[in-house]
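Mind the numbering: the sequence shown is residues 5 to 184 in the numbering used here, read in order.
First comes the structure, then the notes that go with it.
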Amino acid sequence: MVKALFLDRDGTLNEDTMYPHKEEHFKMLPGVIEGLKKLKEEFIFIIVTNQSGIGRGIFEEKDMHNFNDILLEKLRKNDVEVKKIFFCPHSPKDVCECRKPSVKYIEEAAKEFDIDLEKSWTLGDHAHDVEMGLNSGTKAIYLLTGHGEKHFKQLEEKSIKPDFVAKDFLEATNFILNNG
Ligand SMILES: [Mg+2]
Ligand SMILES: [Zn+2]
């Protein structure tokens, strides 16, 4: 079995510029590449992202794939590989089965890559990221990057308790390396 990091995309890896989907929207967040390079010896990386901009008609699925390719290429140039990107293209009103906090994609990934969820972590800047991670048996870190600062009180409102709240990706990285 392998250990995985389940990573949110917008606000966790790249800046969340409200539905980023074009090249000019792409900006890597500080510390992400450095952090992933430290973590890659121990973990595989999987991205799980809600892309409701597709369901809301703000952009098309191909725009998201282009944006993903820019991100993946940037990481690849730094010797960081992402195994797979799982995305929910639906809008909340579609009431689908894949939108976070659904655990559907974590369960699929766990089967596909033989992941030990108890030794894995979920990272994101929304309560639903932490909720998905904890509900699927991973440990979870809430990031104050992206929308994290703005939506922080949602954790308390929903009684969601992350294992750690990190001010940025590097702080999250160090916590993971020191705690399992
Ligand atoms: Mg996010
Ligand atoms: Zn969905």
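Cβ atoms here follow ideal geometry from the backbone N, Cα and C, with glycine treated the same way.
Give a yes or no on whether the C-beta atoms belonging to isoleucine 37 and asparagine 82 are separated by under 7 Å.
-> Yes, the pair counts as a contact, with Cβ atoms nearer than the cut-off.
Verify the contact flag: arginine 103, CB atom, against every heavy atom of ligand 2, threshold strictly below 6 Å.
-> Yes, since a heavy atom of ligand 2 falls inside the 6 Å radius drawn around the Cβ of arginine 103.
Inter-residue Cα distance where the pair is lysine 7 and valine 52 | The straight-line gap from Cα to Cα measures roughly 16 Å.
Identify every residue that forms a DSSP beta bridge with alanine 113.
-> In DSSP, alanine 113 forms no bridge with anything.
Report whether the distance from the Cβ of histidine 25 to the nearest heavy atom of ligand 1 is below 6 Å.
-> Outside the cutoff, so no.
Of the choices Glu175, Ala170, Glu122, whose alpha-carbon is the least far from that of glycine 184?
-> Restricting attention to Glu175, Ala170, Glu122, the CA atom closest to the CA of glycine 184 is found in Glu122.
Confirm, please, whether the CB-CB distance from isoleucine 180 to glutamate 135 is below 7 Å.
-> Contact: no.
From which residue to which residue does the beta strand (DSSP E) around lysine 88 run?
-> First-last of the beta strand (DSSP E) with lysine 88: 88-92.
Answer yes or no: do isoleucine 119 and serine 140 have a C-beta to C-beta separation smaller than 7 Å?
-> Not a contact, by the Cβ cut-off of 7 Å.
Please go through the same chain and pick out, in chain order, the residues whose beta-carbon is closer than 6 Å to the beta-carbon of cysteine 92, but skip the five residues on each side of it.
-> These residues qualify, in order along the chain: Asn54, Cys102, Arg103.
Just the C-alpha distance for lysine 41 and leucine 79, rounded to the nearest angstrom, thanks.
-> Just so you know, the alpha carbons of lysine 41 and leucine 79 end up roughly 9 Å apart.
Go through its chain and collect everything with a Cβ distance to glutamine 158's Cβ below 6 Å, but skip five positions before and after it.
-> Contacts found: Ala131.
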